[in-house]
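Novice: Please find one structure pasted underneath; my questions will follow.
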Ligand code: FES
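Numbering (UniProt numbering), first residue to last: 1 to 160.
Given below as structure tokens:
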């Protein structure tokens, strides 16, 4: 059986099979989801808000609850897309704003320009660089350090 999921605020709809993860909805719509932890429920990069239909998703697991607990922008309707299976009709997803710290080459291209949206930490979603800030070389150095810390932390948690 298939289910329709709506994405706000972009107003798109996607059809998925029952028990498919919400992550597959996002990927079907060609949204860039960094999946820093490889879809294992341990990062902030697939964090979404459920506007309607929370009861039509699989329950929150212990791991998901723990990860949501450290995400700075977590609200009561927060879920991790890679951990939420669609089990019923009527799910409406809202995508949080901001871009996650990802490819440094992409960010390096922004040196001397102002950010158009917040740049977020991939593990806890906190704002690393606010919208409208001028990207400087020293900022890039700091972001690179953050990125290598994130890589180490993800690699360590994948071993456990
Ligand atoms: S991709 Fe990391 S928690 Fe979903």
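Where a beta carbon is used, it is the ideal one built from N, C-alpha and C, also for glycine.
Buried or exposed for residue 20, please, with buried defined as at least 16 other CB atoms from any protein chain shown within 10 angstroms of its CB.
Specialist: Residue mapping note: residue 20 aligns to position 20 of the chain shown, counting from 1. Buried is the call here.
Novice: According to DSSP, is residue 7 part of a helix, a strand, or is it coil?
Specialist: For the purposes of this step, residue 7 is identified with residue 7 of the chain shown, where counting begins at 1. In this structure, residue 7 counts as strand in the three-state DSSP scheme.
Novice: Around the C-beta of residue 171, are 16 or more other C-beta atoms found within 10 angstroms, so that it is buried, or is it exposed?
Specialist: In this structure the chain extends from 1 to 160, so residue 171 is not present and cannot be described.
Novice: For the beta strand (DSSP E) that contains residue 92, what are its first and last residues?
Specialist: Indexing the chain shown from 1 puts residue 92 at position 92. 91-94 is the extent of the beta strand (DSSP E) around residue 92.
Novice: Between the Cα of residue 72 and the Cα atoms of 120, 42, 26 and 137, which residue gives the shortest distance?
Specialist: Counted from its first residue, the chain shown places residue 72 at position 72. It is 120.
Novice: Where residue 54 and residue 143 are concerned, what is the direct C-alpha to C-alpha distance, given to the nearest angstrom?
Specialist: Position 54 of the chain shown, counted from the start, is the residue given in the question as residue 54. Position 143 of the chain shown, counted from the start, is the residue given in the question as residue 143. Cα-Cα distance, rounded: 35 Å.
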